[in-house]
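Notes follow once the structure below has been shown.
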Amino acid sequence: GGLTLVVGLLTGFVDVLTGRSLYGPTFAGLEPSISGPAARFGARYVKGVGLVGVLTFYVLLPFAVAYVATRGDERRPSFHYAWALAAVAWLPVLGVVMLAIQLENLYTTEVHLLAGVGIPVVFSAGLVAVHRIALARSPDDVDRRPPLAVFANLAFVVLFVGGVWLGTVAGGPAGTFVERSDGSVPQAVFAFSETETADGTVLEVTHDGGDPIPVESLRIVGEGFENVSGTDRTEPGPWPASEATGPDGPNVVTNDSVTVGVADDCDIRVVYQRDQRGVAWSTLGKHACGGP
Numbered sequence: 060g061g062l063t064l065v066v067g068l069l070t071g072f073v074d075v076l077t078g079r080s081l082y083g084p085t086f087a088g089l090e091p092s093i094s095g096p097a098a099r100f101g102a103r104y105v106k107g108v109g110l111v112g113v114l115t116f117y118v119l120l121p122f123a124v125a126y127v128a129t130r131g132d133e134r135r136p137s138f139h140y141a142w143a144l145a146a147v148a149w150l151p152v153l154g155v156v157m158l159a160i161q162l163e164n165l166y167t168t169e170v171h172l173l174a175g176v177g178i179p180v181v182f183s184a185g186l187v188a189v190h191r192i193a194l195a196r197s198p199d200d201v202d203r204r205p206p207l208a209v210f211a212n213l214a215f216v217v218l219f220v221g222g223v224w225l226g227t228v229a230g231g232p233a234g235t236f237v238e239r240s241d242g243s244v245p246q247a248v249f250a251f252s253e254t255e256t257a258d259g260t261v262l263e264v265t266h267d268g269g270d271p272i273p274v275e276s277l278r279i280v281g282e283g284f285e286n287v288s289g290t291d292r293t294e295p296g297p298w299p300a301s302e303a304t305g306p307d308g309p310n311v312v313t314n315d316s317v318t319v320g321v322a323d324d325c326d327i328r329v330v331y332q333r334d335q336r337g338v339a340w341s342t343l344g345k346h347a348c349g350g351p
């Protein structure tokens, strides 16, 4: 029981830090592609503990207890397995209630705790009543002890869910120090202007308004680059850090510009890198040479 409570506490604590939600809607979902290895590991831990915990504590355990019980009560093997089945029957009920809470936008910490702890308690009371009715109709020589598989399982439920809730409360202050990002694309406008020089065509790309953009996330890509002297870029690559300004670091802000050497048939794009691996991109501006 103590181990179950500790695992629940740790799960709730990591739940807050990673923004994952094991038993409720995700308010600040962790995006693996733009998160560090520690955050990804924490998210996998929360999901893994949820899966292993359900399979081990709340499904396998009751049937293991029932199997042991049948060895000492060979006259009623189906009785113990029926109670083991009843012990896990609350899981679908809890899932349906949680889904209804989410769909009806009734989710709060109090409602979450009430459902997670209240449902097993109410279910337990109902099982006690059914057990007493069954005993009243049984022969006197039948073992009248309550089915261990049911009530031990419900105790695990209350301990684990209570631990998750306490871990969430304890991790709340620490969660404020976690840097979060929703992976959204900054809203910015880029202007393009071509200038003919003796060495070739120079395309000036200017941040013409909108959100500041971290320079490390901005790239100039496309086709039709040319080696024109005096330009910042003659091939695809990142926005030059020397052409970015900002009070909080190298950010591309309004009126920052970069020059690109281009050919007559160029197709140049300014793209924003949404993840650390460079596999998710969004186009913020594009220009076809010779166009309007």
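Going by the working numbering, the sequence shown opens with residue 60, and the numbers climb by one from there.
Here a beta-carbon is modelled for each residue, glycine too, at the ideal position from N, C-alpha and C.
Please report the straight-line C-alpha distance between Val124 and Ala159, rounded to a whole angstrom. Position 65 of the sequence shown, counted from the start, is the residue given in the question as residue 124. Position 100 of the sequence shown, counted from the start, is the residue given in the question as residue 159. The alpha-carbon atoms of Val124 and Ala159 are separated by roughly 32 angstroms.
Residue range of the beta strand (DSSP E) that Thr342 falls in? Against the sequence shown, residue 342 aligns to sequence position 283. Residues Trp340 to Ala347.
What whole-angstrom Cβ distance do Val317 and Trp298 have, given they're in contact under 8 angstroms? In the sequence shown, residue 317 corresponds to position 258, counting from 1. In the sequence shown, residue 298 corresponds to position 239, counting from 1. Sure, about 6 angstroms apart at Cβ, within 8 angstroms.
Does the Cβ-Cβ distance between Val311 and Ile272 come in under 8 angstroms? One-based indexing of the sequence shown puts residue 311 at position 252. One-based indexing of the sequence shown puts residue 272 at position 213. It is a contact, given that the beta carbons lie within the stated cut-off.
Gly268 vs Val248 beta-carbon contact at 8 angstroms: Here residue 268 refers to the residue found at position 209 of the sequence shown. Here residue 248 refers to the residue found at position 189 of the sequence shown. Yes.
State yes or no: is the C-beta of Cys348 nearer than 7 angstroms to some heavy atom of the ligand MN? Among the components modelled here there is no ligand, and therefore nothing to report on the ligand MN.
Going by Cα to Cα distance, which pick from Thr256, Ile327, Gly296 and Thr293 is closest to Ala250? Numbered from its first residue, the sequence shown carries residue 250 at position 191. Among Thr256, Ile327, Gly296 and Thr293, the Cα nearest to that of Ala250 belongs to Ile327.
Out of curiosity, what's the CA-to-CA distance linking Phe122 and Glu275? The count along the sequence shown starts at 1 and reaches residue 122 at position 63. The count along the sequence shown starts at 1 and reaches residue 275 at position 216. About 55 angstroms.
What whole-angstrom Cβ distance do Thr256 and Glu285 have, given they're in contact under 8 angstroms? By one-based count along the sequence shown, residue 256 stands at place 197. By one-based count along the sequence shown, residue 285 stands at place 226. Actually they do not touch by this definition, with Cβ atoms about 11 angstroms apart.
Burial state of Arg278, where buried means 16 or more other Cβ atoms lie within 10 Å: For the purposes of this step, residue 278 is taken as the residue at position 219 of the sequence shown. Arg278 is buried by the Cβ-count criterion.
Taking the alpha-carbon of Thr129 as reference, which of Ala143, Val118 and Leu119 has the nearest alpha-carbon? Taking the first residue of the sequence shown as 1, we reach residue 129 at position 70. Of Ala143, Val118 and Leu119, the residue nearest in Cα terms is Ala143.
Take the Cβ of Asp315 as the centre, count every other Cβ of all protein chains shown within 10 Å, and call the residue buried at 16 or more, exposed below. Along the sequence shown, one-based indexing puts residue 315 at 256. It is buried - the Cβ of Asp315 has at least 16 other Cβ atoms within 10 Å.
Can you tell me the Cα-Cα spacing of His266 and Leu343, whole angstroms? The residue labelled residue 266 in the question sits at position 207 within the sequence shown. The residue labelled residue 343 in the question sits at position 284 within the sequence shown. Approximately 10 angstroms, taken between the alpha carbons.
Work out the CA separation of Ala322 and Cys348 for me, nearest whole Å. On the sequence shown, position 289 is the one that residue 348 refers to. On the sequence shown, position 263 is the one that residue 322 refers to. Rounded to the nearest angstrom, the two C-alpha atoms are 8 angstroms apart.
Should Thr290 go down as buried or exposed, given a rule of 16 or more other Cβ atoms within 10 Å for buried? Here residue 290 is taken as the residue at index 231 of the sequence shown, counted from 1. Buried, by the Cβ-count rule.
Between the alpha carbons of Val118 and Tyr140, how many angstroms are there, rounded? As a working note, residue 118 is residue 59 in the sequence shown. As a working note, residue 140 is residue 81 in the sequence shown. Whole-angstrom Cα-Cα distance: 12 angstroms.
Taking the beta carbon of Val180 as the centre, do at least 16 other beta carbons fall within 10 Å, making it buried, or is it exposed? Counted from its first residue, the sequence shown places residue 180 at position 121. Looking at its Cβ environment, which holds fewer than 16 other Cβ atoms inside 10 Å, Val180 is exposed.
Return the first residue and the last residue of the alpha helix (DSSP H) that Val127 is part of. The residue labelled residue 127 in the question sits at position 68 within the sequence shown. First-last of the alpha helix (DSSP H) with Val127: Leu120 to Arg130.
Please say whether Cys325 and Glu294 have beta carbons closer to each other than 8 angstroms? Stepping through the sequence shown from its first residue, residue 294 is reached at position 235. Stepping through the sequence shown from its first residue, residue 325 is reached at position 266. No. Outside cutoff.
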